[in-house]
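Following: one structure in structure tokens, then a few remarks.
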Amino acid sequence: MSQKTIARLERLQQLNSNRQWINHDLYRLMYQEDLYIIAYERIKSKPGNMTPGTDEETLDGFSLATIREIIQEMRTEHFRFRPVRQQFIPKSNGKMRKLGIPCVRDKVVQEVMHMILEAIYDSPNAPYFQETSHGFRPQRSCHTALREIRTHWTGVNWYIEGDIHACFDELDHQILVHILRKKIKDERFLNLIWKLLKAGYMDLHGSKKESLIGSPQGGIISPILANVYLHELDEYIEKIKKTHEKGTKKRDNPEYVRLIREKNRLVAQGATKTKAFRAIMKQIRATPSKVVNDPTFCRIKYLRYADDWLSAT
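Structure (structure tokens):
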């Protein structure tokens, strides 16, 4: 990738460290040959990307001439995404997951678009996405989500777990583009996303079906589009937290305080080998140190991994 292209993406990241920044003239990045080359390098070794789409071509046949054809189509705005190839794979629960496999050139174009969107929404130093979002993001995973729970979710009493059913399959296109417009004021780039969303799919019988809703699992750009969509949920939870959280810490449990005093009294008497001391220690271990449902204190914990979310208080 040329230094000029690298500088352009880095500049995009820097500008978007300001959460209020609005992006213009993104579409011209789709003319950059270097971006397609690095996109090809990124995806060629990933598992599954050698799987052919509806055109039966693989990445082995992708060339510089193909890149230049794509760029020319981008310049004239004649580029069209082809329908994805529908495929079903088994899930761990015995059900089937529906995937949409794009053709080779569409994979490369999606990766270029993904690089641009990632610079806008998920730059390393100042991401637009919330810290509570752990799915499909650089340096984040289910492991970072679990580590967050183990490290910081202490003293919680109640958990609420949710799974957003068929999230990828039922994304509303109008709502998604409306959300994208908050950060992107480039109709040509947004129109390219529309073309992707409306490309349709080929069913198992070879018939083309329209895409009225959803962003197919298996698409390179689908995860970041889902995160853009579900970022609204993350923001809403942050507002709830600010409204409902109160107090600085839970009050001490009077019964726990009484037991500690009794223990200290027995220690002072040198009675640590007695049956009474063992009984007190057993009670202490079974008694919360803080008031469990303290009405003067509330903290709300929340995180999300893709379409699974967990909250606690």
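The opening residue of the sequence shown carries number 278 in my numbering; numbering runs sequentially from there.
Here a beta-carbon is modelled for each residue, glycine too, at the ideal position from N, C-alpha and C.
Note that the coordinates shown come from a computational prediction; the quantities given were computed from them, not determined experimentally.
Runs of the alpha helix (DSSP H) lying entirely within the stretch 514 to 575, each at least 4 residues long, are 531 to 545 and 552 to 563 in chain order. Taken in chain order, the whole alpha helix (DSSP H) runs of length 4 or more contained in the stretch 409 to 482 are 419 to 429, 450 to 457 and 464 to 474. In the DSSP assignment, the residues bridged to Gly377 are Gln363. In terms of Cα proximity to Arg528, the closest of Asp302, His301 and Asn570 is Asn570. Under the three-state reduction of DSSP output, Lys486 falls in the strand class.
Secondary structure at Tyr317: helix, using DSSP grouped into helix, strand and coil.
Using a C-beta cut-off of 8 Å, the stretch 352 to 370 makes no contact with the stretch 411 to 426, since fewer than three inter-stretch Cβ pairs fall below that distance.
Taking C-beta atoms as the reference points, Pro367 and Gly496 fail to come closer than 7 Å. Following the DSSP letters along the chain, one finds Leu587 inside the beta strand (DSSP E) bounded by residues Asp585 to Ala589. By the C-beta density criterion, Glu395 is buried, having at least 16 other C-beta atoms within 10 angstroms.
A distance below 7 Å separates the beta carbons of Phe445 and Gln494. A residue is called buried once 16 or more other Cβ atoms fall within 10 Å of its Cβ, and Trp435, having fewer, is exposed. In the structure shown, the three-state DSSP call for Leu341 is helix.
As far as DSSP is concerned, Asn293 takes part in no beta bridge.
C-alpha of Pro404 to C-alpha of Ile315: approximately 22 Å in a straight line. The beta carbon of Gly491 lies closer than 7 Å to those of Phe445, Asp446, Glu447 and Leu448 in the same chain, with the five residues before and after it left out.
Under the three-state reduction of DSSP output, Tyr579 falls in the strand class. Judged by their CB atoms, Ile577 and Thr564 are not nearer to each other than the 7 Å cut-off. At a Cβ-Cβ threshold of 7 Å, Val568 and Asn541 do not count as neighbours.
Inter-residue distance for Cys575 and Thr428 is about 19 Å (C-alpha atoms, whole angstroms). Apart from sequence neighbours up to five positions away, the residues of its chain that approach Met351 with a beta-carbon distance below 7 Å are Met307 and Tyr308, ordered along the chain.
With at least 16 other beta carbons inside 10 angstroms of its own, Phe466 counts as buried.
Here Trp298 is exposed, its C-beta having fewer than 16 other C-beta atoms within 10 Å.
The residues Gln290, Asn293 and Ser294, in chain order, have a CB closer than 7 Å to that of Ser400 in the same chain once the five nearest residues on each side in sequence are set aside.
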